[in-house]
Structure formats: C-alpha cells, structure tokens
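Student: First residue of the sequence shown: 1, per the UniProt record's numbering; consecutive thereafter. All C-beta atoms, glycine included, are put in the ideal place defined by N, C-alpha and C.
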Amino acid sequence: MSKTYLKVWKEKKQKDPNTVLSFKQRLRIKQQKQEERKSLLSKIKILKTKKRNFLRERQKQREIKKQENTSKP
C-alpha cells in the first residue's frame with residue numbers, strides 16, 4: 001500500500017468514523033437519529049398546538065373585553 005492511500009484512508013476514517021462500523025451498528029445509529037428527530041418533531045408539534053390554543057384564548061378574551069367596553073356607556 002502506498003503512503004498516499006494510507007493517508008487518504010486515515011483522513012476519511014477521521015472525518016466519518018461511522019464508515020468503519022459494521023452494517024448493523026450503522027443501522028442502529030441511523031435508527032437512533034431517526035427516533036430522536038421524530039421525538040423532537042412531536043415535541044415541536046405539541047408546543048405549536050399549545051401556542052395556537054393560547055393565542056386563540058387570548059383573542060377571545062380581547063373580544064369579550066372589547067364588547068364589554070362598547071356596551072358600558
């Protein structure tokens with residue numbers, strides 16, 4: 001093996017250590033990443049829903065207050 005080949009191989013190995021792993025290990029890592037992403041997306045969805053509900057409720061309160069103010073005089 002030439003020195004340049006070994007050098008390139010070593011650099012590749014340092015850049016992406018997952019290529020050295022077995023297929024099952026890479027698959028497991030990939031699945032873990034997918035699960036993490038899925039859980040984050042579900043958390044984001046829950047937070048967006050809470051925010052939307054909160055804003056909707058606040059808007060209702062504003063409208064009620066506005067109606068009360070217009071009906072007082």
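Would you report the Cα separation of Lys60 and Lys66, rounded to the nearest angstrom?
Tutor: Residue mapping note: residue 60 aligns to position 60 of the sequence shown, counting from 1. Residue mapping note: residue 66 aligns to position 66 of the sequence shown, counting from 1. Cα to Cα, Lys60 sits roughly 10 Å from Lys66.
Student: What did DSSP end up calling Leu21 once you bin it into helix, strand or coil?
Tutor: For the purposes of this step, residue 21 is taken as residue 21 along the sequence shown, with counting starting at 1. The three-state reading of DSSP puts Leu21 in coil, since its state is none of H, G, I, E or B.
Student: At the level of alpha carbons, what is the spacing between Leu21 and Lys43?
Tutor: For this step, residue 21 is matched to residue 21 along the sequence shown. For this step, residue 43 is matched to residue 43 along the sequence shown. Their backbone Cα atoms lie some 31 Å apart in a straight line.
Student: So, with DSSP's three-state summary, where would you put Ser2?
Tutor: For this step, residue 2 is matched to residue 2 along the sequence shown. Correct three-state label for Ser2: coil.
Student: For Leu21, is the beta carbon positioned less than 6 Å from some heavy atom of the ligand PLP?
Tutor: Ligands in the displayed structure: none, and consequently the ligand PLP is not present.
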